[in-house]
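Here the structure comes first, spelled out in structure tokens, and everything after it is commentary.
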Amino acid sequence: MGHGEWRTPHLLLILTAIHLAAASTIKAHQPAFLSPLPRLSKEINRRRTPFRAVATEESLVGTANLDWEALRFEYLPTDGYCVYRYTAEKGWDDGRMEQEPYISLHVGATALHYGQAAFEGLKAFHCKDGKVRMFRPLDNARRLQRSAERLMMPPVPENIFIYACRQAVLANLAYVPPYGTGGSLYLRPVLIGSSPRIGVQPAEEYTFFVMVIPVGDYYKGGLQPVSAWVVEGYDRAAPQGVGAYKVAGNYAADLLPNSIGKSKGFPIALYLDAKENRYIDEFSTSNFIAVTQDGNTYVTPESPSILPSITNLSLMELAKDEGLDTQRRPVPIEEVGSFSEVAACGTAVIITPIDRIVHKDKTYVVRGPDGRPVGPVFERLYRRVRGIQYGEEADKFGWMVPLIDR
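Counting in the numbering used here, the sequence shown runs from 684 upward without gaps.
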């Protein structure tokens, strides 16, 4: 299927196909396929909201009939998703947009029987200057490639990953929360084995799609600390398992332990290492980060079972930029009480401050020298990440990737 058969938006896709064909070299930091796309200069035919005026980013962003201030991190229907399919014989197809939120999947698909499924999570932002940009999509593309290789799936080429993300956002500009609301458009790229296998073997056909969801500002009144519970009786991942990969099975295995923690009144659960049950691995869906009592060192655990967090990487780079030392090392649970700041970090909320961690019959209270539950280092780093994402602070690291060149 050629790009001319894409449903939304027709002219942009044709122009973009030509643009991508010309982009054949890869630069050290920003590949050619990340070079700006042509301007969106024709109308986009939308299923729910008709537009007769010329469609530009400014005219489409936030035009969906939503209460932006009430958005949460939960599923909402949008105007479609971008999908590519792979076969062993032909490789990746040209992709297309689908409007209905369903996929047709064989009952024998390896994703259903053997968990051959991996995914990513990233965000697009309506920035202060009116442009829409994605935060570090190339890092997500490369992390998905690692996950795919671990599960014997064909890695999604970086150019297809970036292009699919762009098209999914462009087709859903009406659902991008406007600048000033604190919201963003969450992107969920997913790769699954879609052909049948009854024996334990990798599939011959795969489906890659990118869906999007508008999400709100998690901390509307500023950072709020929560308490964490150390999981007992369950491990997140084996020492040489798939904990370092963003595969679906890791999250299915966490459903029960996380539910137990919530029944005890803890909104977040923390896992220790499976071998010694002493060293911190990570929280259910986010990395563990901490600051030493003197406020000079950013600490995060080192373990082969931890998913490399792009948010954590970003925070570490900002910490270095501010002159802090950074350490990636084993962190025993008993060290928690000596930190001035502890937090969980991830795409959904950037930083979730932790004020106490309960492990069996012991409670570790986290307080800095001034006794504040939310420390100054993480609060500062949090505001810097948000500032870069919304275009309020200069993007000196080159993290933000625009959808359209002006």
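C-beta: ideal position from N, C-alpha, C; glycine also.
Rounded distance between the beta-carbons of residue j and residue i, thought under 8 Å
| i | j | result |
| --- | --- | --- |
| Ala-857 | Asp-750 | The Cβ separation is near 14 Å, so there is no contact. |
| Gln-1010 | Val-982 | 5 Å |
| Arg-816 | Met-1083 | 4 Å |
| Gln-1163 | Phe-844 | No answer is possible for residue 1163: the residues shown for the chain start at 684 and end at 1089. |
| Glu-965 | Leu-990 | 7 Å |
| Leu-834 | Pro-820 | 21 Å between Cβ atoms; not a contact. |
| Gly-778 | Cys-765 | 6 Å |
| Ala-771 | Glu-915 | Incorrect: roughly 44 Å between the Cβ atoms, too far for contact. |
| Gly-1074 | Cys-848 | Rounded, the Cβ-Cβ distance is 18 Å, inconsistent with contact. |
| Phe-891 | Val-839 | 5 Å |
| Ile-963 | Ile-896 | Not confirmed; about 30 Å, so no contact. |
| Glu-1024 | Gly-1051 | 6 Å |
| Phe-971 | Ala-1027 | 7 Å |
| Gln-850 | Met-780 | 7 Å |
For residue i: DSSP bridge partner residues
| i | result |
| --- | --- |
| Trp-775 | Tyr-769 |
| Phe-1028 | It is worth fixing the name first, because residue 1028 is Cys in this sequence and not Phe. DSSP output for Cys-1028 lists Asn-970, Ile-1034 as bridge partner(s). |
| Glu-888 | Thr-770 |
| Gln-1010 | Val-982 |
| Pro-1015 | Tyr-962 |
| Phe-1061 | Bridge partners of Phe-1061: none, in fact. |
| Ala-952 | Trp-912 |
| His-1042 | Lys-1045 |
| His-809 | Val-815 |
| Pro-879 | Ala-792 |
| Glu-781 | Tyr-764 |
| Ala-801 | Leu-874, Val-930 |
| Phe-1080 | In the DSSP output, where bridge partners are listed per residue, Phe-1080 has none listed. |
| Phe-756 | According to DSSP, Phe-756 bridges with nothing at all. |
| Thr-746 | Per DSSP, none; premise fails for Thr-746. |
Residue i and residue j closer than 8 Å at C-beta
| i | j | result |
| --- | --- | --- |
| Ala-801 | Tyr-928 | yes |
| Ser-988 | Gly-1029 | no |
| Ser-910 | Arg-1055 | no |
| Val-852 | Leu-868 | yes |
| Val-893 | Ser-830 | no |
| Asn-823 | Pro-872 | yes |
| Arg-961 | Leu-953 | no |
| Gly-899 | Gly-866 | yes |
| Pro-1036 | Val-1057 | yes |
| Val-1048 | Gly-1020 | yes |
| Val-1091 | Val-974 | In the structure as shown, the chain starts at 684 and stops at 1089, and residue 1091 therefore has no counterpart that could be examined. |
| Glu-985 | Phe-1080 | no |
| Ile-1087 | Leu-906 | no |
| Ile-889 | Pro-950 | It should be noted that the sequence gives Tyr, not Ile, for residue 889. No; because the gap between Cβ atoms is not below 8 Å, this pair is not in contact. |
| Leu-998 | Leu-1064 | yes |
| Asn-995 | Ser-967 | no |
| Trp-912 | Gly-944 | yes |
| Leu-870 | Ala-807 | yes |
| Gly-1070 | Glu-1076 | yes |
Any non-hydrogen atom of the ligand HEM within 7 Å of residue i CB
| i | result |
| --- | --- |
| Leu-853 | In the structure shown, the ligand HEM is absent, as is every other ligand, since no ligand is present at all. |
- Query: Between the segment 871-891 and the segment 782-802, do at least 3 Cβ pairs fall closer than 8 Å?
  - Reply: yes
- Query: In chain order, which alpha helix (DSSP H) runs of at least 4 residues are fully inside the segment 977-1006?
  - Reply: 993-1004
- Query: Are the segment 970-984 and the segment 917-936 touching by the rule of at least three beta carbon pairs closer than 8 Å?
  - Reply: no
- Query: Considering only residues of the segment 824-875, which uninterrupted alpha helix (DSSP H) runs meet the minimum length of 4 residues and lie entirely inside it, listed in chain order?
  - Reply: 841-853
- Task: Could you tell me which uninterrupted beta strand (DSSP E) segments, each at least 3 residues in length, are contained entirely in the segment 884-948, listed from first to last along the chain?
- Result: 888-898, 909-913
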